[in-house]
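Asks: Residue numbers (our numbering), protein chains in the order written: chain A, 1 to 138; chain B, 139 to 276; chain C, 277 to 414; chain D, 415 to 552.
Ideal Cβ placement from N, Cα and C applies to all residues, glycine included.
Values in this document were obtained by computation on a predicted structure and should not be read as measured data.
There are 4 protein chains.
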Amino acid sequence: MISATTDIRVRYAETDGMKFVYHGNYLPWFEQARISVLDKIGVPYADMENSGYYLPVLEANLRYHQPAHFDDRVTVKATIKDKPGLRIRVEYEVHRGDTLLTSGYTCHAFIDHQGRPTRPPKGFMDAVRPLWGSTKPA
Amino acid sequence: MISATTDIRVRYAETDGMKFVYHGNYLPWFEQARISVLDKIGVPYADMENSGYYLPVLEANLRYHQPAHFDDRVTVKATIKDKPGLRIRVEYEVHRGDTLLTSGYTCHAFIDHQGRPTRPPKGFMDAVRPLWGSTKPA
Amino acid sequence: MISATTDIRVRYAETDGMKFVYHGNYLPWFEQARISVLDKIGVPYADMENSGYYLPVLEANLRYHQPAHFDDRVTVKATIKDKPGLRIRVEYEVHRGDTLLTSGYTCHAFIDHQGRPTRPPKGFMDAVRPLWGSTKPA
Amino acid sequence: MISATTDIRVRYAETDGMKFVYHGNYLPWFEQARISVLDKIGVPYADMENSGYYLPVLEANLRYHQPAHFDDRVTVKATIKDKPGLRIRVEYEVHRGDTLLTSGYTCHAFIDHQGRPTRPPKGFMDAVRPLWGSTKPA
Chain A
1 MISATTDIRV
11 RYAETDGMKF
21 VYHGNYLPWF
31 EQARISVLDK
41 IGVPYADMEN
51 SGYYLPVLEA
61 NLRYHQPAHF
71 DDRVTVKATI
81 KDKPGLRIRV
91 EYEVHRGDTL
101 LTSGYTCHAF
111 IDHQGRPTRP
121 PKGFMDAVRP
131 LWGSTKPA
Chain B
139 MISATTDIRV
149 RYAETDGMKF
159 VYHGNYLPWF
169 EQARISVLDK
179 IGVPYADMEN
189 SGYYLPVLEA
199 NLRYHQPAHF
209 DDRVTVKATI
219 KDKPGLRIRV
229 EYEVHRGDTL
239 LTSGYTCHAF
249 IDHQGRPTRP
259 PKGFMDAVRP
269 LWGSTKPA
Chain C
277 MISATTDIRV
287 RYAETDGMKF
297 VYHGNYLPWF
307 EQARISVLDK
317 IGVPYADMEN
327 SGYYLPVLEA
337 NLRYHQPAHF
347 DDRVTVKATI
357 KDKPGLRIRV
367 EYEVHRGDTL
377 LTSGYTCHAF
387 IDHQGRPTRP
397 PKGFMDAVRP
407 LWGSTKPA
Chain D
415 MISATTDIRV
425 RYAETDGMKF
435 VYHGNYLPWF
445 EQARISVLDK
455 IGVPYADMEN
465 SGYYLPVLEA
475 NLRYHQPAHF
485 DDRVTVKATI
495 KDKPGLRIRV
505 EYEVHRGDTL
515 LTSGYTCHAF
525 IDHQGRPTRP
535 PKGFMDAVRP
545 LWGSTKPA
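1. Cα separation between VAL195(B) and THR244(B)?
2. Whose C-alpha, out of ARG119(A), ILE80(A), TRP29(A) and THR5(A), is nearest the C-alpha of MET48(A)?
3. Just tell me which of SER517(D), ALA474(D) and SER465(D) has its CA closest to the CA of VAL490(D).
4. Please state if the CB of ILE278(C) and the CB of GLN308(C) are separated by a distance shorter than 8 angstroms.
5. Could one say the Cβ of PHE208(B) lies closer than 8 angstroms to chain A's Cβ atoms, at least one of them?
6. Taking 8 angstroms as the CB-CB cut-off, is ALA414(C) touching chain A?
7. What residues in its chain sit with their C-beta under 7 angstroms from that of ARG267(B), if we drop five residues either side in the sequence?
8. Run the CB neighbour count on THR73(A), radius 10 Å, all protein chains shown included, and call it buried at 16 or more, exposed below.
9. Is the Cβ-Cβ distance between PHE20(A) and ALA60(A) less than 8 angstroms?
10. Whose CA, out of ASP236(B), PRO255(B) and THR143(B), lies closest to the CA of ILE173(B)?
11. In whole angstroms, what separates the C-alpha of LEU200(B) from that of ILE80(A)?
12. Distance check for TYR302(C) and VAL228(B), CA to CA, integer angstroms please.
13. Using a C-beta to C-beta distance shorter than 9 angstroms, which residues of chain D count as neighbours of GLU31(A)?
14. So, for ALA552(D): in the same chain, excluding its five sequence neighbours on each side, which residues have a beta-carbon less than 6 angstroms away from its beta-carbon?
15. Measuring alpha carbon to alpha carbon, tell me which of LYS398(C), GLY293(C) and LEU376(C) ends up nearest PHE386(C).
16. Can you pull out the residues from the stretch 487–507 of chain D whose beta carbon lies closer than 9 angstroms to at least one beta carbon of chain A?
17. Measuring CB to CB, does TYR340(C) end up less than 8 angstroms from ALA354(C)?
18. Measuring only the C-alpha atoms, how far is PRO166(B) from TYR22(A)?
19. Shorter than 8 angstroms from the beta carbon of ALA460(D) to some beta carbon of chain A?
20. Mind listing which residues of the stretch 156–167 of chain B have their C-beta closer than 8 angstroms to chain C's C-betas, in chain order?
21. Span of the beta strand (DSSP E) holding ALA309(C)?
22. Quick check on LEU334(C) - is its C-beta less than 8 angstroms from some C-beta in chain D?
23. Is it right to say ARG254(B) is buried, meaning 16 or more other beta carbons lie within 10 angstroms of its own, or is it exposed?
24. Taking DSSP as the reference, what is the three-state secondary structure of LEU500(D)?
25. List, in chain order, every chain B residue whose beta-carbon is nearer than 9 angstroms to that of TYR64(A).
26. Should ASP292(C) be flagged as near chain B, meaning a C-beta pair shorter than 8 angstroms?
27. Spatial neighbours of THR513(D) within its chain, please: CB distance less than 7 angstroms, with the 5 preceding and 5 following residues excluded, ordered by chain position.
28. Hey, how far is the Cα of ARG234(B) from the Cα of PHE168(B)?
29. Compare the C-alpha of ASP112(A) against each of LYS40(A), LEU101(A) and GLY52(A) and name the closest.
30. Indicate the three-state DSSP secondary structure (helix, strand or coil) for GLY529(D) in the structure shown.
31. Among ILE88(A), ASP71(A) and GLY24(A), which one has its Cα closest to the Cα of TYR54(A)?
32. Going by DSSP, name the residue or residues bridged to TYR202(B).
33. Does the distance from the C-beta atom of TYR288(C) to that of GLY133(A) stay below 8 angstroms?
34. Below 8 angstroms on the Cβ atoms is my guess for PHE124(A) versus VAL37(A); work out the distance and round it to an integer in Å.
35. Could you pull out every residue in the same chain whose Cβ sits closer than 7 angstroms to the Cβ of VAL148(B), ignoring the five residues on either side in sequence?
36. Considering ASP323(C), what are the terminal residues of the beta strand (DSSP E) in which it resides?
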């Protein structure tokens with residue numbers, strides 16, 4: 001299991017006519033936390049793209065518990081619980097202080113620069129292996 | 139069951155560095171189709187807000203089957219299968235021609251102008267009732 | 277001079293906490309009208325990109341006269357007044373009925389797929405020439 | 415003259431099919447830097463809205479010198495040069511290291527909660543006065 005958090009100050013651009021953060025605008029926040037987890041694993045996403053690997057989203061799920069508002073300081077935590085294999089699942093929690101605002105997950109799989117499904121790049125699997133050990137199958 | 143569709147031509151603004159529509163940008167498309175269903179039911183969402191009722195999203199789920207690209211013409215279909223009660227569930231499908239690109243659902247509940255959960259406005263329930271009949275409980 | 281218009285129904289996603297359309301969200305509307313002008317000229321932008329030509333924005337200007345709101349039906353008109361040469365300038369007006377909401381312009385120049393400035397593609401200049409005649413220099 | 419800067423790491427969500435940051439996505443960055451200037455003046459924008467004052471954008475101008483890309487670390491500087499009066503003009507520069515990517519300005523005027531133009535709130539003018547002195551008329 002590996003986690004990373006990112007701090008976000010809510011932009012006015014992210015609010016909607018209810019004075020809430022628009023529900024679609026949590027996905028870029030999830031993305032920002034996911035990028036931080038990949039940094040922490042040691043395989044920055046920008047490097048993977050430069051090597052011809054892309055990690056599109058196959059599924060996204062979001063549960064909205066409490067609204068976020070303009071100028072809120074929120075923390076977005078991304079966690080990869082299960083050892084990544086052909087599929088990578090990332091879970092998210094958005095908190096404002098102790099209050100859970102939003103939770104969710106995304107699932108991903110690697111594609112190459114022609115859009116074809118592909119195995120994860122070797123550097124990614126090498127970086128991931130020691131984090132989960134060899135006892136837990138992908 | 140009631141459905142409505144809306145036609146969308148993909149904006150460049152909606153694409154990302156993969157040349158795909160960014161995965162978060164389907165939620166505004168779902169919204170646009172959901173607004174069309176409410177129009178068809180006879181209770182436009184703008185009217186409900188003017189009466190002090192808001193319909194925030196409690197949960198959203200998206201499955202990405204095939205990417206959409208700039209300038210694609212896509213059709214977004216929103217369907218309410220179950221008679222709305224305290225919760226309203228809307229299902230979505232995005233097609234480009236015969237190809238299913240994305241599917242998903244959102245769940246909603248009404249709040250009042252102070253953000254408190256509330257029963258659906260009477261006009262909404264009156265409009266909904268004949269569509270499902272009285273045999274099917276909410 | 278050539279103009280094209282596009283009709284837009286304002287999305288909730290486009291509003292902000294003032295219940296106005298967020299000021300940055302007019303640029304995708306300008307884009308949508310600009311795409312329509314290029315269609316009308318006979319050189320769809322998607323075709324130009326497929327041929328390796330890109331038309332990034334060099335400058336954008338927006339004047340906000342009246343706010344747009346959720347569910348408004350607005351018309352966005354894009355006009356190319358001067359014959360395009362190395363630079364292309366497009367002007368915009370957003371109306372709700374007779375009310376001018378927003379006006380502005382964008383300036384563009386072609387680049388190739390490596391990001392280098394380039395002359396407009398021949399097909400574009402061929403399509404543009406008859407619209408302005410030969411008397412008016414670029 | 416008063417300035418503030420804000421650091422931004424470019425989100426994938428902010429890129430477009432050219433692999434550049436979409437030109438409309440600089441306005442939320444400008445906003446973020448503008449919020450920082452208001453913080454520095456001592457009148458956070460959220461507080462002004464809570465007091466019933468809103469500061470919509472009347473005009474925006476953006477010049478794009480070099481593209482920003484995914485994962486770039488950029489600095490956005492906002493500067494108020496002239497003492498604010500009925501109009502407030504804010505200038506912006508986006509840099510990646512020493513490279514100027516984008517520059518621009520926005521103009522603003524206060525409105526009240528009913529959307530009527532209004533004088534700046536007293537607290538704002540009190541905070542602004544010592545920064546420019548009394549010699550320079552608004």
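Replies: Considering the structure as presented:
1. Counting from 1 along the second sequence, the entry for residue 195(B) is found at position 57. Counting from 1 along the second sequence, the entry for residue 244(B) is found at position 106. If I take the Cα positions, the gap works out to 7 angstroms.
2. By 1-based counting over the first sequence, the position of residue 48(A) is 48. Restricting attention to ARG119(A), ILE80(A), TRP29(A) and THR5(A), the CA atom closest to the CA of MET48(A) is found in ARG119(A).
3. Mapped onto the fourth sequence, residue 490(D) falls at position 76. With distances taken between CA atoms, VAL490(D) lies nearest to SER517(D) out of SER517(D), ALA474(D) and SER465(D).
4. Locating residue 308(C) in the third sequence gives position 32, counting from the first residue. Locating residue 278(C) in the third sequence gives position 2, counting from the first residue. No, Cβ-Cβ distance for GLN308(C) and ILE278(C) is not below 8 angstroms.
5. As a position in the second sequence, residue 208(B) is number 70, starting the count at 1. False, the Cβ-Cβ gap to chain A never drops below 8 angstroms.
6. Numbered from 1 along the third sequence, position 138 holds the residue referred to as residue 414(C). The predicted model places ALA414(C) with a pLDDT of 48, which falls under 50 and marks its position as unreliable; any figure quoted below should be read in that light. It does not: the Cβ of ALA414(C) has no partner Cβ on chain A nearer than 8 angstroms.
7. As a position in the second sequence, residue 267(B) is number 129, starting the count at 1. In its own chain, leaving out the 5 sequence neighbours on each side, no residue places its CB closer than 7 angstroms to the CB of ARG267(B).
8. If you number the first sequence from 1, residue 73(A) lands on position 73. What sits at residue 73(A) in the sequence shown is Arg, not Thr. Result: exposed.
9. Working through the first sequence from its first residue, we reach residue 20(A) at position 20. Working through the first sequence from its first residue, we reach residue 60(A) at position 60. Their beta carbons are not under 8 angstroms apart, which means PHE20(A) does not touch ALA60(A) by this criterion.
10. In the second sequence, counting from the first residue as 1, residue 173(B) sits at position 35. Closest option to ILE173(B), Cα to Cα, is THR143(B).
11. For the purposes of this step, residue 200(B) is taken as the residue at position 62 of the second sequence. For the purposes of this step, residue 80(A) is taken as the residue at position 80 of the first sequence. The alpha-carbon separation between LEU200(B) and ILE80(A) amounts to approximately 19 angstroms.
12. The count along the second sequence starts at 1 and reaches residue 228(B) at position 90. The count along the third sequence starts at 1 and reaches residue 302(C) at position 26. Going by the C-alpha atoms only, they are around 28 angstroms apart.
13. For this step, residue 31(A) is matched to residue 31 along the first sequence. Simply ARG425, TYR426 and ALA427.
14. Here residue 552(D) refers to the residue found at position 138 of the fourth sequence. Interpretation of ALA552(D) is limited by its pLDDT of 48, a score under 50 that renders its predicted location unreliable; the figure taken from the coordinates is listed afterwards. Sequence-distant Cβ neighbours of ALA552(D) in its own chain, meaning closer than 6 angstroms and more than five residues away, are LYS497 and GLY499.
15. By 1-based counting over the third sequence, the position of residue 386(C) is 110. Of the candidates LYS398(C), GLY293(C) and LEU376(C), the one whose C-alpha sits nearest the C-alpha of PHE386(C) is LYS398(C).
16. Hits within the stretch: zero.
17. Here residue 340(C) refers to the residue found at position 64 of the third sequence. Here residue 354(C) refers to the residue found at position 78 of the third sequence. No Cβ-Cβ contact shorter than 8 angstroms links TYR340(C) with ALA354(C).
18. As a position in the second sequence, residue 166(B) is number 28, starting the count at 1. As a position in the first sequence, residue 22(A) is number 22, starting the count at 1. Computed Cα separation, rounded: 9 angstroms.
19. Residue 460(D) sits at position 46 when you count from the first residue of the fourth sequence. Yes, ALA460(D) lies at the interface with chain A (some Cβ there is under 8 angstroms from its Cβ).
20. Within the stretch 156–167 of chain B, the residues whose Cβ lies closer than 8 angstroms to some Cβ of chain C are LEU165 and PRO166, listed in chain order.
21. Counting from one through the third sequence, the residue named residue 309(C) turns up at place 33. Bounds of any beta strand (DSSP E) do not take in ALA309(C); it lies within the alpha helix (DSSP H) bounded by 302–317.
22. Stepping through the third sequence from its first residue, residue 334(C) is reached at position 58. At least one chain D Cβ lies under 8 angstroms of LEU334(C).
23. Here residue 254(B) is taken as the residue at index 116 of the second sequence, counted from 1. Per the 10 Å Cβ criterion, exposed.
24. Indexing the fourth sequence from 1 puts residue 500(D) at position 86. Under the three-state reduction of DSSP output, LEU500(D) falls in the coil class, being neither helix nor strand.
25. Position 64 of the first sequence, counting from 1, holds the residue named residue 64(A). Against chain B, the beta carbon of TYR64(A) has neighbours under 9 angstroms at PRO194, VAL195, LEU196, GLU197 and ALA198, listed in chain order.
26. For the purposes of this step, residue 292(C) is identified with residue 16 of the third sequence, where counting begins at 1. With a threshold of 8 angstroms between beta carbons, ASP292(C) makes no contact with chain B.
27. Mapped onto the fourth sequence, residue 513(D) falls at position 99. Shown here for THR513(D): same chain residues with a beta carbon closer than 7 angstroms to its own, the five before and five after excluded, namely GLN480 in chain order.
28. In the second sequence, counting from the first residue as 1, residue 234(B) sits at position 96. In the second sequence, counting from the first residue as 1, residue 168(B) sits at position 30. When rounded, the distance between both Cα atoms is 15 angstroms.
29. Indexing the first sequence from 1 puts residue 112(A) at position 112. Nearest C-alpha to ASP112(A): GLY52(A).
30. The sequence position of residue 529(D) within the fourth sequence is 115, counting from 1. It is coil, neither helix nor strand.
31. Numbered from its first residue, the first sequence carries residue 54(A) at position 54. Considering only alpha carbons, the answer is ILE88(A).
32. Against the second sequence, residue 202(B) aligns to sequence position 64. Looking at the DSSP output, TYR202(B) bridges to THR240(B).
33. The count along the third sequence starts at 1 and reaches residue 288(C) at position 12. The count along the first sequence starts at 1 and reaches residue 133(A) at position 133. Going by C-beta atoms, TYR288(C) is not nearer than 8 angstroms to GLY133(A).
34. Numbered from its first residue, the first sequence carries residue 124(A) at position 124. Numbered from its first residue, the first sequence carries residue 37(A) at position 37. Rounded, the Cβ-Cβ distance is 12 angstroms, inconsistent with contact.
35. Mapped onto the second sequence, residue 148(B) falls at position 10. Only residues of its own chain outside the window of five on either side were considered, and among them VAL159, ALA206, HIS207, PHE208, ASP209, ASP210 and VAL212 have a CB closer than 7 angstroms to the CB of VAL148(B), listed in chain order.
36. Counting from 1 along the third sequence, the entry for residue 323(C) is found at position 47. For ASP323(C), there is no enclosing beta strand (DSSP E); the residue is found in the alpha helix (DSSP H) stretching over 321–326.
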